[in-house]
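Each residue of the sequence shown is one higher than the one before, starting from 292 at the first, in UniProt numbering. Cβ coordinates follow ideal geometry from the N, Cα and C atoms, glycine included. Structure record follows, encoded as structure tokens.
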Amino acid sequence: ATMPPLLSAIANAGRHGVLVKSAVVMERLGQVDQVAFDKTGTLTEGVPQVDEVRLLAGSSLTGDELLALAAAAERPSEHPLAGAIVGAARARGLAVPAAADFTSEPGTGVAATVGGRRVAVGAPARLAGDRGAALAERLEEQGRTAVLVEVDGAPAGVLGITDRVRPGAAATVAALTALTGTAPVLLTGDNPRAAGRLAGEVGIGDVRAGLLPQDKVAAVRAMDGRVLVVGDGVNDAPALAAAHTGIAMGRAGSDLALETADAVVVRDELAAVPAVIDLSRRARRLVV
Ligand code: ADP
Ligand code: MG
Numbered sequence: 292a293t294m295p296p297l298l299s300a301i302a303n304a305g306r307h308g309v310l311v312k313s314a315v316v317m318e319r320l321g322q323v324d325q326v327a328f329d330k331t332g333t334l335t336e337g338v339p340q341v342d343e344v345r346l347l348a349g350s351s352l353t354g355d356e357l358l359a360l361a362a363a364a365e366r367p368s369e370h371p372l373a374g375a376i377v378g379a380a381r382a383r384g385l386a387v388p389a390a391a392d393f394t395s396e397p398g399t400g401v402a403a404t405v406g407g408r409r410v411a412v413g414a415p416a417r418l419a420g421d422r423g424a425a426l427a428e429r430l431e432e433q434g435r436t437a438v439l440v441e442v443d444g445a446p447a448g449v450l451g452i453t454d455r456v457r458p459g460a461a462a463t464v465a466a467l468t469a470l471t472g473t474a475p476v477l478l479t480g481d482n483p484r485a486a487g488r489l490a491g492e493v494g495i496g497d498v499r500a501g502l503l504p505q506d507k508v509a510a511v512r513a514m515d516g517r518v519l520v521v522g523d524g525v526n527d528a529p530a531l532a533a534a535h536t537g538i539a540m541g542r543a544g545s546d547l548a549l550e551t552a553d554a555v556v557v558r559d560e561l562a563a564v565p566a567v568i569d570l571s572r573r574a575r576r577l578v579v
């Protein structure tokens with residue numbers, strides 16, 4: 292027997308490394324009018340590296356102590372930045388102490404008690420105090436994500452973190468623009484300087500930065516037409532759910548993303564996104 296077109300499209304999508312969860316999703320992919328990308332872990336590889344450790348004037352810590360405290364606070368977090376910070380501490384051979392009272396605020400950062408000290412790690416703009424702001428801005432202008440480390444309520448240092456753009460990101464943006472007739476947008480919780488720099492590299496003109504998870508949802512709802520959101524589920528699971536169709540990057544993606552999204556790019560290749568839209572359209576032409 293011949294397979295129904297949408298089912299063979301699902302099989303084909305699988306060959307492109309995309310797990311499409313149902314025939315309904317396979318059909319919807321071809322209806323998309325515009326695409327919105329998350330940045331960290333989606334357009335970037337999601338394997339960020341700490342390449343700057345800077346102490347603020349007046350801090351009594353060493354760079355290694357700062358990094359060890361930050362790593363201790365980040366260890367329970369699933370965020371790619373947390374992985375970078377813990378990995379950097381391990382690479383320097385530092386002992387990462389145990390943390391208690393861990394809390395995490397999506398799109399903002401984490402806090403925990405480490406050896407009796409309260410440690411907060413997160414976006415410089417959202418943590419109290421602006422003493423690190425000038426330093427953070429300088430790192431961000433170079434395309435880095437700057438993360439402020441506060442100890443007992445006082446800014447102690449800034450970590451500069453770099454994440455590589457995924458290979459093929461620019462070609463994918465161009466292909467999606469051609470397929471949908473509308474340029475993709477970038478929705479990110481990261482700072483406008485680092486976001487703008489990455490957007491320029493991949494050919495995205497419309498950049499919405501500094502967004503909290505609920506801001507990403509509002510941005511998706513405010514866009515015209517049927518929006519495909521491509522994310523990694525870290526701080527963007529609500530946007531994946533609010534979209535007409537949500538695709539998660541599988542390898543960097545959180546468990547929540549794999550559950551929330553309509554489809555998962557298992558092999559983590561961005562080129563698979565325009566490929567499945569194209570497959571959907573071909574299948575729908577055969578169905579109609
Ligand atoms: P994106 O939209 O680029 O994927 P997120 O929304 O996940 O970014 O995070 C936005 C910003 O919030 C990060 O750039 C960082 O400044 C801060 N942040 C979020 N989670 C953490 C964390 N675990 N540790 C440090 N900073 C964090
Ligand atoms: Mg992300």
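Residues bridged to residue i by DSSP?
| i | result |
| --- | --- |
| Arg345 | Val449 |
| Ser395 | Val401 |
| Thr436 | Ile452 |
| Ala327 | Val476 and Val520 |
| Ala390 | Val405 |
| Thr536 | Leu519 |
Is residue i near the ligand ADP, judged by its Cβ being under 8 Å from some heavy atom?
| i | result |
| --- | --- |
| Glu365 | yes |
| Thr436 | yes |
| Ile538 | no |
| Asp523 | yes |
| Gly413 | yes |
| Gly480 | yes |
| Ile301 | no |
| Asp527 | yes |
| Gly354 | no |
What did DSSP end up calling residue i once you bin it into helix, strand or coil?
| i | result |
| --- | --- |
| Asp569 | helix |
| Met514 | coil |
| Ala554 | strand |
| Ala411 | strand |
| residue 580 | Only positions 292 to 579 of the chain appear in this structure, which leaves residue 580 out of reach. |
| Thr471 | helix |
From this set, the options, which residue's C-alpha is nearest residue i's C-alpha?
| i | options | result |
| --- | --- | --- |
| Ala474 | Ala461, Ser313, Pro367 and Gly321 | Ala461 |
| Pro415 | Gly406, Ala425, Asp497 and Arg409 | Ala425 |
| Gly378 | Gly308, Ala510 and Asp355 | Asp355 |
To the nearest angstrom, how far is the alpha carbon of residue i from that of residue j?
| i | j | result |
| --- | --- | --- |
| Ile376 | Ala362 | 5 Å |
| Pro295 | Val323 | 22 Å |
| Val567 | Asp559 | 13 Å |
| Ala447 | Gly501 | 22 Å |
| His307 | Met317 | 14 Å |
Measuring from the CB of residue i, is there a heavy atom of the ligand MG at a distance below 8 Å?
| i | result |
| --- | --- |
| Pro371 | yes |
| Asp546 | no |
| Asp324 | no |
Contact criterion: CB-CB distance below 9 Å. Does residue i meet it with respect to chain D?
| i | result |
| --- | --- |
| Ser545 | Protein chains in the displayed structure number just one, and chain D is not present. |
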